[in-house]
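Going from the sequence shown to our numbering is simple: count from 1 and add 416. The C-beta atom is built at its ideal place from N, Cα and C for all residues, glycine as well. Values in this document were obtained by computation on a predicted structure and should not be read as measured data.
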Amino acid sequence: MASSANVIQVDTERIDLKNRSLAAFLAWLVPGAGHFYQGRHTKGSLYLVCILTTWMLGFALGGGHVVYASWQPGDRRWHYILQAGVGAAALPALIQGNRMRKMTDKGVTSRSYEPLWGGFMAPPHRPVIEDRTDEVSAWYATYGAGYEMGTWYTMIAGLLNILVIYDAYAGPLAVPISGRKKKDDEDSEQQANSEQQAADESDSGAPTATSAPTPEAKA
């Protein structure tokens, strides 16, 4: 039986959000998965297609190098914090980043280092220095504006999924959005109108059945 705390009503529809925390986690892991879990398939499909398409487009524009995890001097990749909003799609970068960290000593990557999966989401070799030629500058030279745009596209996709996670947890706006009111509200309004009308008639002194004059009074 659905818990009343997890059931909300929007217009005439009752929506069971089920386990809100689990729905939010699934929505982070795969965009739209939390909504599929809740039975909100239309929204889930829309989020899945739109967010992952945006993320993959950005990833392709940057040649597959715009998503990586790094917090090394000269290459503090704060962008990844937002990119990770898409969940599982960005997790390989954490594995690659940790592997790179273990193979880096005093800011220099070991020559024996080999990234996994052909370098998929691997950070650049160390050191990375802004005013010198390095692997990051080579990526910029190769992909041009596409590298910068790809970074922004993947960041935006992650930010959008944060809104999706909130929607999976809190549900849609729980107020009437189509102009219709719930039946209980209509009944309450009609009752209030009837009581107000009766009060107005009483104040105006309109005769009622109990106040009609008797024959003796007429005489």
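In angstroms, rounded to a whole number, what distance separates the CA positions of T469 and T520?
34 Å
Considering only residues of the same chain and omitting the five flanking positions on each side of V552, which have a CB-CB separation below 8 Å?
D491, P540, V544
Determine the direct distance from the alpha carbon of Q512 to that of W568, and round the result to whole angstroms.
21 Å
Is the beta carbon of A504 less than 7 Å from the beta carbon of L445?
yes
Counting C-beta neighbours from all protein chains within 10 Å, is the total for Q606 16 or more, i.e. buried, or is it exposed?
exposed
Same chain, Cβ closer than 6 Å to L576, neighbours up to 5 away in sequence not counted:
I467
Give every residue of the same chain whose Cβ lies closer than 8 Å to the Cβ of W555, excluding the five residues on either side of it in the sequence, and list them in chain order.
G478, G479, H481, P540, Y563
Local Cβ density within 10 Å of P447, reported as buried at 16 or more and exposed below that:
buried
Classification of I581 by the beta-carbon crowding that lies within 10 angstroms, buried from 16 upward
buried
Can you tell me the Cα-Cα spacing of N435 and L510, whole angstroms?
28 Å
K522 versus F536: straight-line alpha-carbon distance, rounded:
24 Å
By the three-class DSSP mapping on this structure, what secondary structure does D616 have?
helix
Would you kindly check if the distance between the Cβ of A584 and the Cβ of A421 is under 7 Å?
no
Rounded separation between F441 and G450 - CA only:
7 Å
How about V502 and G574: do their beta carbons lie closer than 7 Å?
yes
What is the DSSP secondary structure of L520, counted as helix, strand or coil?
Here the sequence assigns Thr to residue 520, which means Leu is not the residue at that position. In this structure, T520 counts as strand in the three-state DSSP scheme.
By Cβ distance below 7 Å, which residues in the same chain neighbour G587 in space, the five residues on each side in sequence not counted?
I424, I431, L433
Nearest CA to the CA of S437: which residue from V426, Y453, V465?
Y453
Report yes if the C-beta distance between W471 and T570 is below 7 Å; otherwise report no.
yes
Any idea if E617 is buried or exposed, counting beta-carbon neighbours within 10 angstroms, 16 or more meaning buried?
exposed
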